[in-house]
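Chains A and B are the protein sequences, given in the same order. Residue numbering for the first sequence follows my numbering, starting at 19 and increasing by one per position. Residue numbering for the second sequence follows my numbering, starting at 19 and increasing by one per position. C-beta: ideal position from N, C-alpha, C; glycine also.
Number of protein chains: 2
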Amino acid sequence: MANLQDIGVSATINLLSALAFLVAFALLRLQPINDRVYFPKWYLKGIRGSPRRSGHVHNFVNLDFNMYIRFLNWMPAALKMPEPELIEHAGLDSAVFVRIYLLGLKIFVPVTFLAFAVLVPVNWTGDTLEHAKGLTYSDIDKLSISNIPAASKRFWAHIVMFYVFSFWTYYVLYKEYKLIASMRLRFLAAQKRRPDQFTVLLRNVPLDPDESISKHIEHFFFVNHPDHYLTHQLVYNANYLAKLVEKKKGLQNWLVYYENKYERSPTQRPTTKTGLWGLWGTKVDAIEYYSTELEKLSKEEDKEREKVLSDPDALIPAAFVSFKTRWAAAVCAQTQQSSNPTIWLTEWAPEPRDIFWDNLAIPYVKLALRKLIMAVALFFLTFCFMIPIAFVQSLANIEGIEKVFPFLKPIIEKKVIKSVIQGFLPGIALKIFLILLPRILMAMSQIEGFTSLSALDRRTAEKYHLFILVNVFFGSVVTGTAFQQLQKFLNEPSTEFTKTVGDSIPMKATFFITYIMVDGWAGIAAEILRLVPLVMFHLKNAFLVKTDQDRDQAMDPGCLDFPVSEPRIQLYILLGLVYSVVTPILLPFILVFFAFSYLVYRHQIINVYNQKYESGAAFWPHVHRRVIIGLMIAQLLLMGLFSMREAEQSSACLVALPILTLWVHKFCQGRFESAFVKFPLQDAMVKDTLEKATEPNLDLKAYLKDAYVHPVFKDSSLEQITFIDDDEESNSLVPTKRTSRRSSKFPSEDNSESDA
Amino acid sequence: MANLQDIGVSATINLLSALAFLVAFALLRLQPINDRVYFPKWYLKGIRGSPRRSGHVHNFVNLDFNMYIRFLNWMPAALKMPEPELIEHAGLDSAVFVRIYLLGLKIFVPVTFLAFAVLVPVNWTGDTLEHAKGLTYSDIDKLSISNIPAASKRFWAHIVMFYVFSFWTYYVLYKEYKLIASMRLRFLAAQKRRPDQFTVLLRNVPLDPDESISKHIEHFFFVNHPDHYLTHQLVYNANYLAKLVEKKKGLQNWLVYYENKYERSPTQRPTTKTGLWGLWGTKVDAIEYYSTELEKLSKEEDKEREKVLSDPDALIPAAFVSFKTRWAAAVCAQTQQSSNPTIWLTEWAPEPRDIFWDNLAIPYVKLALRKLIMAVALFFLTFCFMIPIAFVQSLANIEGIEKVFPFLKPIIEKKVIKSVIQGFLPGIALKIFLILLPRILMAMSQIEGFTSLSALDRRTAEKYHLFILVNVFFGSVVTGTAFQQLQKFLNEPSTEFTKTVGDSIPMKATFFITYIMVDGWAGIAAEILRLVPLVMFHLKNAFLVKTDQDRDQAMDPGCLDFPVSEPRIQLYILLGLVYSVVTPILLPFILVFFAFSYLVYRHQIINVYNQKYESGAAFWPHVHRRVIIGLMIAQLLLMGLFSMREAEQSSACLVALPILTLWVHKFCQGRFESAFVKFPLQDAMVKDTLEKATEPNLDLKAYLKDAYVHPVFKDSSLEQITFIDDDEESNSLVPTKRTSRRSSKFPSEDNSESDA
């Protein structure tokens, strides 16, 4: 077991590496050439057009040494923006996300003070370890609950403090839920007119042999919402078209690349090969080749677009139905339309950019089956993920490779390569899996059939939280793989399990302290450096960028990685709650994590991230629930811990806590959750009335006309416009008549009918 | 362990006792004097005015011996009425309730056949018990799974059959859920105009310092449902008034009693004493005394009624809000009104007679607290109910009584009394508790704050189901009290618990067979005899009845005791599922129970019961869920059983079943449950449109005017009218002006305002 000095060394190393990241960040962000990497948000907002040019600033390298001296001044700057302005600037999702770190601080600052004031002295004077002979112990253990003799009266101090901590957590959670619910309501009330306020996502439209889908929808809503129905927008299965558009983008990039090349050295026309990745095949003139390829693809895209728009089979039995008032949309979203609850499903429409288009057309039975399969898959992924990795690892040793590829034998047998393979390959399989994990989980959530990106993110976070809980927390406390834990859990009395886990908790304190420093401190410092986007930007900048506009497109502002970051915070909150009475010395490390993360993420959402959607903090009920789960785990484990220390009575005193926690959860849920899932009619009516008074002549139909068009129809037109601007007008790739035809043809499909 | 012969004897005894009940019933029901006990439903329907008088039938005793010969002909008669007519006659609740027995038959008839065709031969030829030396066994054990040697390949037969049984159960459950959902929808669609179709129950109206509750409600709905709001009915806190009305009824009964007495012997005016129960106090003329008492009470009632109607403090912050169309009511019931989810709560109004008035005014925080307390109380009631009973039992022995009441010593010490106390008292405490249990559970549900009788019934059934499951099923399989089981469950590995329980299941087969015969067969036969209502009716008939109308009031048709009967059926379904592969010989006993119960209850709902409310089979999702719970318990226990028989592999094969069961539940829930809790707008619109076409001049406001008046306001007026008819017109107790004033005064409170 590590002693205080070991921890000190580790802390120094991690602090230094974090500091190195910070210094690197401070230096890099001041270079004008990196401006678009570290301040993309401002470019996207249109506030900053190009790097600030003060007198002393060179075009690529900043030579103003005064600025280097104040290299940490981004920290106060990150805190300076007041919250209302932050919400205005970065959206409610981001503003509330950084509040999760603040929640951690709110819970743990008083807890840390109290724990150090009460529990550390109680533990320090416990004197068990000093008098135990032949036992090696460290200073950290002397500060922990291990220093209290079994069945001691001193445990009452821990019990009382844990009650205090639990009640404090309830209080903070309740206050925060209340605040964020009101923030959300205020945010929604203050929003300007948006298409999703008037629109409902309709799914599982039953097919009618006599009518087209469009007619059928129209008739249904004319009958059942006679005074309120306005129009609807059909959904097309444009997956193949989206693929074509994606492919075209790639070809365009190559064309631009070769054109740039030609421009720089006009003496030699660039050539390329027609085969795979330009490596094989016949040599051709690159610019000509890509131009013709692009032309071909554009034609195919045209045909496909026409096909999608005209082919009735390309229609998905789903639609976006818009109403004349927000009130009517709220009504339709909250009510059941048909007596068969699997058809005519209505839900509040996500905002247009939040929609996950692929999942709009899954019938009920299929959805139920997918959920079943994914639940089973999640179970195996969580508890048995080590099995395939161990299999890969067993393959990836010297003998395995030699068996499969005998011809590689002479190379592998060389000493240097052998040691690399033996030392590196086994670990890399696990590392790759862990890097891919969030994507795997996201793919699983997509299969489950959620229709909006925000819902997908929330669901993925839930899965990742389960994985971290089982494999990081329990996996570290109880040794062995998750599957072995599960077996243990099933084959042991359930009280026994909490006891063994509870008992080994104090011993793992030093491990978790190191974990917090490596994963938390250094990880967050790496986040602010944005190494990958930095490299990517400069690569793009070198090869693809011609104009400032291109440069803006080469920016990758990224966004908050909610499915990964949130479960991590939850792990730290869980650690804090568990160790608050067991080993209070861990708490300051968590405090540093929360404070530092709060700073970094506040800086990032102000200067960098560009959110893909705005859900209005719809994730808060999930955050709340997971903190409650953490609190409950902490309470159960402490009960196990106390009963192992022969303090059965005190353990019994804790029984009320999990029940109380559950009740607090139910209470808060009933009190606030509906603010995140339902849509009060009163608020809708207020906005409707206000709008009617201020804009009596609003043409809502025109406003909503193209709001819910599949992005490939929208993007392509946008792209084409950019294309025209950038390229020579004579380029025949973009027949201008198409653009106009599209915009005239598209609405005809649904609006001419609804006018009828 | 009992052998086949013992079971045969027990079966004979129980069959004979059931037969005795049936014969008694057959004889009693033919006597005209009992006609109102055994056919009250027909009297209430107004189809039967007095006992059938054929030529041979005497006024009190039936002397037509032909009718006695066909004494079992009620059985085919009970089956004759087709289901649609049954629904029309007895309501959907009753018709669906007897379908639960049919569900049992549907599940278990094929299961029984298959089990006897496959499993009984497999078990019989297992040969373990015959070769085991020194083991006593019975024929029943030879037919059970106990006869299969450990780790035998024969277990595969059981596994395959259990899969077949499970899938058959899924299929039947799915089919039945589907059928009953469509029955409910058809039933609701076919219903005539009813007040609850237009009405929403509004609760937790926030208090406004500037406005009365009525004004506040009106303004809110005029703003937020401007085109649809019609009127509302306030709710008064009339608990004290209800008490007065109840007291008055009692006094009236006494008055009638003495008047009857006087009529029969006009020579002597009856006297009574003014003290407690007419046993002490001064002697007075009875008729005069009760007349003046009644007069006094009527005056007090008048004053109280006026006070309730005029005092703003007597208003409860709840109301019944009515809309112009069913569509608007459906919208309001399903949407959230305010951004604060604890005020302006709307839900579909129960039908007027279904309302539980006392619970209409509980604020949110109180409700959450009540639920917490009741959950804890339910836990203790279920697991620790033996503690207070054991305490009472310990008091109720000879020494205990002697200690507390030393003066009773000489009496108690007598041998006869001593043996009675010792043999009888300990048992009676438990018996009284078990009889009171449903009422205790109902009181707990009332405290939880449900607003309708049907919801209370469903909730109580849930509690009773938990109690039966823990204390009857697990209590019989695992010996020891429920609390000991709980400790065992917590201190053993969770797999170990299912193993021990699973292991002891085959041994308990004979016990449960006896239980089915005593509780099931004889209990149902006793149900049809209706001994308590029979006695009560004749007592009332002798002392209180003057006219045929009085006689009708003396009838007590009773109603289906859903909270008690349904959990019992669930116990039998659970037993059938568990023993279907373990001891198939138990299945025929269950079949007899289901078939016999089906007959009896079908007879009862046709001829006897008068339901207090009609919920449209809203209980079916609960029934479905509890069958699923039973199936899951059976699956888990069988896994335990197989793994105890060293058939670990086969046990592992069963793992998929609980997951599948859970999924089937989720699937059915998603598919059908909303038919029981939500209100499709389409159906509402259809009814609205139809009504608009057929009755364009309907005055809905007048129709709804008094629909949701507290029953004390209604009952009293009805009663008064009866009173006037029966009694002399000169009776000054009922000033006729009051009746008229009431009906003119009452609506003014809420309707004049809503006209404004």
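- Listed along the chain, the chain A residues whose CB falls inside 7 Å of the CB of B:W681 are L390.
- For the pair A:K342 and A:D226, the CB atoms are not nearer than the 9 Å cut-off.
- Under a criterion of Cβ atoms nearer than 7 Å, the residues of chain B adjacent to A:D701 are, in order, S357.
- Under the three-state reduction of DSSP output, B:L219 falls in the strand class.
- Taken in chain order, the complete alpha helix (DSSP H) segments of 4 residues or longer contained in the region 225-304 of chain A are 231-242, 257-282.
- Closest in C-alpha terms to A:F239, from the list A:L655, A:L656, A:A543, A:W362, comes A:W362.
- Within the region 220-253 of chain A, those residues whose Cβ lies closer than 9 Å to any Cβ of chain B are, in chain order, F238, V241, N242, H243, P244, D245.
- In the DSSP annotation of this structure, the continuous segment of the beta strand (DSSP E) that includes B:P335 starts and ends at 333-341.
- By alpha-carbon distance to B:L219, the top candidate from B:T364, B:I651, B:P330, B:K261 is B:T364.
- Nearest CB-CB separation between B:Q270 and chain A: not below the 9 Å threshold.
- Separation of B:T532 and B:E545 (C-alpha to C-alpha, rounded to the nearest whole angstrom) is 19 Å.
- A straight-line Cα-Cα distance of about 34 Å links A:D521 and B:Q667.
- When secondary structure is reduced to three states using DSSP, A:S35 falls in the helix class.
- Comparing C-alpha distances from A:P551 to each of A:F529, A:A572, A:S316 shows the shortest one belongs to A:A572.
- Taken atom to atom, the span from the alpha-carbon of A:M535 to that of A:C402 is near 28 Å.
- Comparing alpha carbon positions, the residue from B:H728, B:V695, B:A711, B:S661 closest to B:P167 is B:S661.
- B:E264 counts as exposed, since fewer than 16 other C-beta atoms from the protein chains shown sit within 10 angstroms of its C-beta.
- Here B:G122 is near B:Y590, since their CB atoms are less than 9 Å apart.
- Sequence-distant partners of B:A199 (beyond 5 residues in either direction) whose C-beta falls short of 6 Å from its own C-beta, in its chain, are F690, A693.
- For the region 339-352 of chain A, residues whose beta-carbon sits nearer than 7 Å to a beta-carbon of chain B comprise A348, V349, Q352.
- For A:W366, the enclosing beta strand (DSSP E) starts and ends at 363-366.
- The three-state secondary structure of B:I523, taken from DSSP, is coil.
- Where A:S583 is concerned, the enclosing alpha helix (DSSP H) starts and stops at 580-600.
- Contact check for A:A473 against A:L110 fails: the beta carbons are separated by 9 Å or more.
- If you keep only unbroken alpha helix (DSSP H) runs of at least 4 residues inside the region 613-662 of chain B, you get 638-662.
- Contact check for A:L97 against A:R663 fails: the beta carbons are separated by 9 Å or more.
- When Cβ-Cβ separations below 9 Å define contact, B:I542 makes no contact with chain A.
- By the rule that beta-carbons nearer than 9 Å mark a contact, B:F468 does not touch chain A.
- A distance below 9 Å separates the beta carbons of B:D214 and B:A367.
- A:E311 has its alpha-carbon roughly 24 Å from the corresponding atom of A:T285.
- A:Q588 places its beta carbon less than 9 Å from that of A:V641.
- Taking 9 Å as the CB threshold, B:L203 lines the interface with chain A.
- Under the three-state reduction of DSSP output, A:I166 falls in the coil class, being neither helix nor strand.
- Excluding its 5 nearest sequence neighbours in each direction, A:M657 has C-beta neighbours in its own chain below 6 Å: S669, L672, listed in chain order.
- Taken in chain order, the unbroken stretches of alpha helix (DSSP H) that lie wholly in the region 687-720 of chain A and span 4 residues or more are 692-695, 699-712.
- CA-to-CA, the gap between A:D579 and A:W638 works out to about 15 Å.
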